[in-house]
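As structure tokens, the structure follows; a few thoughts come after it.
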Amino acid sequence: MSGSSSTRGVVAAATLVAALTLLPVLIALPAALAEGPARAAEYLFRPRIGNLLANTGLLVAVTVPAAVVLGAAAAWLVERTALPGAAWWRTLLLAPLAVPSFVSAYAWVTVAPGLTGFAGSALVTTLAYYPFVFLPVAAQLRALDPADEDAARSLGLSPAAAVMRTVLPRLRPSLSGGALLVALHLLAEYGVLEMMRFPTFTTAIMQQYAVGFSDTSGSLLASVLVGLCLLALLLELLARGRRRVARLGSGTQSRPVPHALGAWTAPAMVLLAALVAGALVVPVASVGRWLAASEGWAGLLDTGLLGATLGTVGLATLGAVAATAAALPGAWLLNRHHSGLTVALERVTFVASSLPGIVVGLGLVTLAVTWAGPLYQTVTLTVLAYAILFVPRAMVSLRSGLAAAPPELSEAARSLGTGGTGTLVRVVLPLMAPSVMTGLVLVALAVSTELTATLLLAPTGTETLALAFWREASQLDYAAAAPYAAVMIALSVPLTLLLRRQILEEK
Amino acid sequence: MTHTRRPLLAIALALPLALAACSGGQAGEEAYAPQPDTLQIYSAQHIEVTKAVAAEFTEETGIPTQVRDGQDSSMGHMIVKEGSSSPADVFLTENSPAMTLVEREGLLAPVDATALDQVRDGLAPSSRLWAPIAARSTVLVYNKDLISEQDLPSSMMELADPKWSGKWGAAPGGADFQAIAAGMLAERGESETRAWLQALADNAEVYQNNIATMKAVNAGEVPVGIMYHYYWYRDQAGDRQGSANTALHYFGGEDPGAFVSLSAGGVLASSDMPEEAQRFLEYATGPKGQRALVDSGSMEYAVGTGTNSDPALPSLEELEAPAVEVSSLNSDQVIALMTDVGIL
Chain A
2 MSGSSSTRGV VAAATLVAAL TLLPVLIALP AALAEGPARA AEYLFRPRIG NLLANTGLLV
62 AVTVPAAVVL GAAAAWLVER TALPGAAWWR TLLLAPLAVP SFVSAYAWVT VAPGLTGFAG
122 SALVTTLAYY PFVFLPVAAQ LRALDPADED AARSLGLSPA AAVMRTVLPR LRPSLSGGAL
182 LVALHLLAEY GVLEMMRFPT FTTAIMQQYA VGFSDTSGSL LASVLVGLCL LALLLELLAR
242 GRRRVARLGS GTQSRPVPHA LGAWTAPAMV LLAALVAGAL VVPVASVGRW LAASEGWAGL
302 LDTGLLGATL GTVGLATLGA VAATAAALPG AWLLNRHHSG LTVALERVTF VASSLPGIVV
362 GLGLVTLAVT WAGPLYQTVT LTVLAYAILF VPRAMVSLRS GLAAAPPELS EAARSLGTGG
422 TGTLVRVVLP LMAPSVMTGL VLVALAVSTE LTATLLLAPT GTETLALAFW REASQLDYAA
482 AAPYAAVMIA LSVPLTLLLR RQILEEK
Chain B
6 MTHTRRPLLA IALALPLALA ACSGGQAGEE AYAPQPDTLQ IYSAQHIEVT KAVAAEFTEE
66 TGIPTQVRDG QDSSMGHMIV KEGSSSPADV FLTENSPAMT LVEREGLLAP VDATALDQVR
126 DGLAPSSRLW APIAARSTVL VYNKDLISEQ DLPSSMMELA DPKWSGKWGA APGGADFQAI
186 AAGMLAERGE SETRAWLQAL ADNAEVYQNN IATMKAVNAG EVPVGIMYHY YWYRDQAGDR
246 QGSANTALHY FGGEDPGAFV SLSAGGVLAS SDMPEEAQRF LEYATGPKGQ RALVDSGSME
306 YAVGTGTNSD PALPSLEELE APAVEVSSLN SDQVIALMTD VGIL
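Residue numbers (the working numbering), protein chains in the order written: chain A, 2 to 508; chain B, 6 to 349.
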């Protein structure tokens, strides 16, 4: 009986998390209708909204497929082919995760000042976001048992057909999960698009709060964004399918035989080199160039930089722990008790993440000053905002971790007399540890680049690298911004190395 | 291979964790919570200026201060949301509309006469609920290689003419621009302002902020742009990278393009340190505070009687700014107009 009562506990926890993440949305919606439905309709049905919808839609329609194709192709080349220097490529292809997207935009704007608007936005977001697809697909490819593919080959299928029939279907969860992350990030992206002067819903919401003084219009725009997010969630649900990915069998898994690339070796290397150049070399070189300006080096020694670094590390650590802990109950339920309810609980947590930080931030400000005064302007509330914004990042990695930890192992442990807690500690957690680390790292990377929620919610005097960078970069003072960008990248390098190791060791 | 890498990786990982441990105090509640008996200043003014003035105020009076950095609108918004439980004692804005937002909500205490009496005549709002602490002038920045002085418009209103299509830049998304448009609305009325904003939506290049506008003009993307004066003077005082090819055109003649915007300072009615808050405004508008503003190199205008602004600037009187009653600036109506024409 302890099993079902503990399940009830998990359901309660997951429900609580889902409810918490919905709070900012629940606050935004009434604000949107504060001036009546007629005013709302008048506001929403006008050419400007059409333009924003077109811009946002176009960006999603181009960047998501581009990131999926590039990310998956790169993962395939690195994990399943006889690509020369695969280990190096793996590191280089993941490294862009260490470069915040707005730093990448800042670099591209300084390298190619004419590259603004849609083209620049699509380029920079694709280069910045493809690792969200590369990472889960590469991990999945390493974890997949090649036995099925071999069997398909032995039954007479061509190598390509064998891949299409046995590998591709199993990549669906990681492909669609990666695509979803890219789409949600695009919906909430602000820094890149502001720097590229490409108006979307999120930049328009920021503008509304910047000049509007009335959050009705901002909330109306946010409601449209919630609608777009729901659409993305639905599409992903359809695209993912429900295939079982975990492998259960005796003996160790064999390593797949790498596909020979032959004449495709050179084009493949060129593709990967272009990806790495655009996503890594351009930003790092630009930051280096601005650092080399005398002001930049002086900035590195500035005491403000140390304060901002400490602030960033502290908040990123707390945010990562909070978001990952919040994602656990939902991810576990989804894997072990897949039902309409558990899917709904999980999907709900994605909604707030497509909202710009300022919407979540202002919602929590309202909440705190109205009902929870002591929480106002505390680290606790700031961390809660991070958990709400970034729970999906942890959710996606935990989900794939649990998917690779077959429930039969827990059942076996149970049948051998191990209790629920014992099973968790001795069987489930060790199997999940890598994906928990991945989740922690992904959230920490996100928190360290968050701007607006931090600005609104953090205690007076809080300084982070992202805030300082944005302050300088928005004055187009690239030399003064460079030290903050450099430290953001430097801090993210170990985290990215850790992610790389997770992939390497996942079998 | 994996084993040899581990120590390196461990060090790489331990570094941020160690930093996190050191920063425990930093990120902990205690270090950042508003300190008791410390004047809480919410500042949307340029943070360097506020910090300079606050530091000298503390040195002079012994009253400790804590500054929260933000932006006009979101910070004004935030104070309204916080209502009577706001931790803020003093609110400083870059432009006055954010202050009138807080004023309309009835959240401000009247400013002591000692502070207002130190300000030049005609600048303080008739409500006397806030005090001006600095001023900035609207200007037209132009690229000297692309346009000659005699071809410049004599009024900012002329930019609405189709012949200027694609030839001017502005940053309508910012609080600065909104103040300019509110000045135009107060002076020229709704239909003229609406037509001008429509022209902006149709014909102008939109930039993120004043600095981006100036640098775009400098780079030759557009021949002219609307901005505030002080960004240009700061760049000129520095390496001139963003303004070397440009010059400023002052419209004068009480044109809407000569609008002078006021940075404002107010005391929150809910302040638990009202006397100290009033003393801060008295200091900020007084000779020492105004001197600190000028010495900070912000290149904004001093508004206190008897304090000269930076000698590089034309005097405030020479600007021939339109006479606008600052408390009448209607930012809501400006937003509505900007929304109607599709800028927002």
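Just so you know, even glycine gets a beta-carbon here, dropped at the ideal spot from N, CA and C.
Leaving aside the five residues before and after residue i along the sequence, list all residues of the same chain whose C-beta is less than 8 Å from its C-beta, in chain order.
i, result
"A317(B)", "Y238, Q241, A242 and M304"
"P69(B)", "Q40, D42, T43, L44 and T63"
"G174(B)", "A209, E210, V211, Y212, T218, A221, V222, E226, V227, V229, G230 and I231"
"G305(A)", "E464 and A469"
"P357(A)", "A189, Y191, T203, I206, M207, A223, L226 and T453"
"L342(B)", "A186, L190, E195, T198, R199 and L202"
"D117(B)", "Q283, L286 and E287"
"C27(B)", "Bear in mind that a pLDDT of 44 at C27(B), under 50, signals an unreliable position, so the model cannot answer this."
From the DSSP output, read off the bridge partner residues of residue i.
i, result
"R73(B)", "Y47(B)"
"A254(B)", "At residue 254(B) the sequence reads His, which differs from the Ala that was named. Answer is L145(B), bridged to H254(B)."
"S275(B)", "Note: S275(B) sits in no beta bridge, so no partner."
"Y377(A)", "For Y377(A), which the question treats as bridged, DSSP gives no partner whatsoever."
"S268(B)", "A139(B)"
"L134(B)", "In the DSSP output, where bridge partners are listed per residue, L134(B) has none listed."
"V183(A)", "Answer by DSSP bridge pairing: none, since V183(A) is not bridged."
"F96(B)", "Y47(B) and G271(B)"
"M232(B)", "V144(B)"
"V164(A)", "Paired residues: none, contrary to the question."
"A175(B)", "V211(B)"
"T82(A)", "H260(A)"
In chain order, what residues of the same chain have a beta carbon less than 7 Å from the beta carbon of residue i, not counting five sequence neighbours either side?
i, result
"A474(A)", "Y107 and A482"
"L324(B)", "S142, Y255, G257, A263 and V265"
"T439(A)", "S398, L500 and Q503"
"E35(B)", "With a pLDDT of only 39 at E35(B), under 50, the local geometry of the prediction cannot be trusted, and no value is derived from it."
"L190(B)", "T198, N335, Q338 and V339"
"Y147(B)", "L157, V222, P228, V229, T251, A252 and H254"
"L329(A)", "L399"
"V107(B)", "G81, I84, V85, F96, L113 and G271"
"S131(B)", "E330 and S332"
"P115(B)", "R133 and L134"
"P495(A)", "none"
"P292(B)", "G309, G311 and T312"
Using C-beta distances below 6 Å, list every residue in its chain close to residue i, excluding the 5 sequence neighbours before and after it, in chain order.
i, result
"E110(B)", "V85"
"V66(A)", "According to the sequence as given, residue 66(A) is Pro; it is not Val. Closer than 6 Å at the Cβ level, and outside the excluded window around P66(A), lies no residue."
"A68(A)", "T127, Y130, Y131, V134 and V183"
"N214(B)", "A176 and G179"
"A467(A)", "T450 and L452"
"L22(B)", "Below a pLDDT of 50, predicted positions are generally treated as unreliable, and L22(B), at 47, falls in that range; the measurement from the model is reported next regardless. The answer is none, since no qualifying residue turns up."
"F103(A)", "G192 and V193"
"V12(A)", "none"
"A57(B)", "A297 and S301"
"A163(A)", "E150, A153 and R154"
"L349(B)", "M343"
"T82(A)", "P259, H260 and L262"
"M489(A)", "P101 and L466"
"G33(B)", "Residue confidence is low: G33(B) scores 36 on pLDDT, short of 50, so the model does not pin down where it sits. Its coordinate-derived value is still stated next. Answer for G33(B): no residue qualifies."
So, under 8 Å CB-CB, residue i and residue j are touching, yes? Tell me the CB distance rounded to an integer number of Å.
i, j, result
"D181(B)", "Y233(B)", "6 Å"
"T22(A)", "V392(A)", "6 Å"
"A184(B)", "S101(B)", "7 Å"
"V79(A)", "A161(A)", "About 18 Å separates the two Cβ atoms, so there is no contact after all."
"V168(A)", "L145(A)", "7 Å"
"V100(A)", "P284(A)", "5 Å"
Give a yes or no on whether 7 Å exceeds the smallest Cβ distance from residue i to chain D.
i, result
"Q476(A)", "No chain D is present in this structure, whose protein chains are A and B."
Do three or more CB pairs link the segment 438-452 of chain A to the segment 312-320 of chain A at distances below 8 Å?
yes
Residue ranges of each alpha helix (DSSP H) within the segment 280-332 of chain A, 4 or longer
283-293 and 295-301
Can you check the segment 342-427 of chain A for any alpha helix (DSSP H) of at least 4 residues that lies completely inside it and give the ranges in chain order?
358-372, 380-404, 408-416 and 421-424
Check whether the segment 417-435 of chain A touches the segment 371-391 of chain A, counting contact only when three or more Cβ pairs, one atom from each stretch, lie closer than 8 Å.
no
With a cut-off of 8 Å, do at least 3 Cβ pairs link the segment 219-233 of chain A to the segment 22-33 of chain A?
yes
Is the number of C-beta pairs between the segment 351-370 of chain A and the segment 407-416 of chain A that are closer than 8 Å three or more?
no
So within the segment 285-327 of chain B, which uninterrupted alpha helix (DSSP H) runs reach at least 4 residues, ignoring any that extend past its ends?
292-300
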